[in-house]
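Participant: Going by numbering that gives the first Met the number 0, the sequence shown opens with residue 0, and the numbers climb by one from there.
Sending over a structure as structure tokens; questions will come in a sec.
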Amino acid sequence: MINGGHVIIYSRDAEADRAFFRDVLEYPHVDVGGGWLVFKLPPTEVAVHPTDGPEMQDFYLMCDDVEATVKNLNAKGVEFTQPVTDARWGRLTRFRLPGGGEVGLYEPRHERAIDL
0 MINGGHVIIY SRDAEADRAF FRDVLEYPHV DVGGGWLVFK LPPTEVAVHP
50 TDGPEMQDFY LMCDDVEATV KNLNAKGVEF TQPVTDARWG RLTRFRLPGG
100 GEVGLYEPRH ERAIDL
């Protein structure tokens with residue numbers, strides 16, 4: 000029986016991005032050896048979206064109040080790469096990881112599967 004999922008973020012500076020998840024986001028973690036940290040995520044959902052372009056995956060963190068979360072992360076030095084915008088399904092933005100990658104952040108305005 001499948002009992003979970005495992006998200007992998009590939010990074011050009013994995014140590015810096017691990018430190019970000021540990022120190023800035025303050026996610027609990029285990030060290031599985033050699034400094035390889037695996038983080039506990041908040042409850043997570045998966046959605047499948049159609050595309051006419053290349054197949055890809057994207058990673059968004061969810062929050063209850065995007066403006067307050069942006070303010071909190073800005074105070075910790077996090078660089079946002081897009082302003083907060085409104086979509087039919089939520090309010091969203093993106094921020095840069097220390098290794099150069101980006102992660103989405105959104106405040107959902109739809110029923111959440113994690114509430115099932």
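Using N, Cα and C, we set each Cβ at its ideal position, and we do this for glycine too.
Model, not experiment: these values are computed from the prediction.
Just checking my contact of residue 116 with residue 6 at CB under 8 Å: how many whole Å lie between their CB atoms?
Facilitator: This structure leaves residue 116 out entirely; the chain is present only between 0 and 115.
Participant: Where does residue 12 sit, in a helix, a strand or coil, going by DSSP?
Facilitator: Correct three-state label for residue 12: coil.
Participant: Per DSSP, which one or two residues make a beta bridge with residue 86?
Facilitator: Bridge partners of residue 86: 89.
Participant: Among all the DSSP beta bridges, which residues are the ones paired with residue 106?
Facilitator: Per DSSP, 90.
Participant: Excluding the 5 residues preceding and the 5 following residue 8 in the sequence, name in chain order all residues of the same chain whose CB lies nearer than 7 Å to its CB.
Facilitator: Cβ neighbours of residue 8 beyond the five flanking positions: 16, 58, 100.
Participant: Between which residues of its own chain and residue 40 is the CB-CB distance below 8 Å, once the five residues before and five after are set aside?
Facilitator: Taken in chain order, the residues that qualify are 6, 26.
Participant: The beta strand (DSSP E) that contains residue 115, what's its start and end?
Facilitator: Looking at the DSSP string, residue 115 is not in any beta strand (DSSP E), and its letter there is neither H nor E.
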